Amino acid sequence: MRVAMMMACIGCAVWPLVHAADESPSTVADAVTLGARVAALEARVSELEARQAPKTASVKPVLEIHTEDWCAPCRVLKADIAAAGELPVEIRYTKFSGQVPALRWIDGSGKTVTRTGYARGTLRAIVSEVLK
3 MRVAMMMACI
13 GCAVWPLVHA
23 ADESPSTVAD
33 AVTLGARVAA
43 LEARVSELEA
53 RQAPKTASVK
63 PVLEIHTEDW
73 CAPCRVLKAD
83 IAAAGELPVE
93 IRYTKFSGQV
103 PALRWIDGSG
113 KTVTRTGYAR
123 GTLRAIVSEV
133 LK
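Just add 2 to wherever you are in the sequence shown, counting from 1, and you've got the numbering used here.
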């Protein structure tokens with residue numbers, strides 16, 4: 003919207019120059035090129051604004067899992083997640099060389115919660131903590 007207003011103002015300033023007494027082909031071509039560029043810019047801005055639009059109720063909480071290939075508890079956790087099917091949280095895997103597996107999420111008060119280690123059968127308890 004702001005870009006469109008700005009371009010309209012620029013267009014008002016350029017219009018008298020384009021439609022001056024000298025309407026040479028190059029002057030008219032410049033106006034056409036300017037109009038095409040403005041239209042392309044407006045389309046790009048609309049596309050970027052649509053991407054940034056907040057998502058509604060379909061947004062899931064994110065459970066970030068820091069993992070490594072050599073980590074046995076990480077492999078158990080991945081197998082349990084695969085066996086669980088659809089979970090009410092979004093899972094993101096990150097390679098991490100520290101203490102793994104490390105599970106991170108943001109709780110209801112906005113604090114980042116980190117939990118390290120994993121034991122088989124505790125996935126549902128972790129997911130319910132993330133949903134709080």
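Note that CB positions come from ideal geometry on N, CA and C, so glycine has one too.
Being a predicted model, the structure only gives us computed values, none of them experimental.
Short check: CB of residue i to CB of residue j, under 8 Å?
i	j	result
residue 62	residue 90	yes
residue 125	residue 67	no
residue 107	residue 132	yes
residue 95	residue 69	yes
residue 50	residue 93	no
residue 123	residue 75	no
State the beta-bridge partners of residue i as determined by DSSP.
i	result
residue 65	93
residue 105	67 and 117
Report buried or exposed for residue i, applying the criterion of at least 16 other Cβ atoms within 10 angstroms of its Cβ.
i	result
residue 105	buried
residue 102	buried
Taking 7 Å as the cut-off, does the CB of residue i come closer than this to any heavy atom belonging to the ligand NAP?
i	result
residue 43	The model depicted lacks the ligand NAP and carries no ligand whatsoever.
Could you pull out every unbroken alpha helix (DSSP H) segment of at least 4 residues lying fully inside the region 110 to 134, listed in chain order?
Along the region 110 to 134, the alpha helix (DSSP H) occurs as fully enclosed runs of 4 or more residues at 125 to 133, listed in sequence order.
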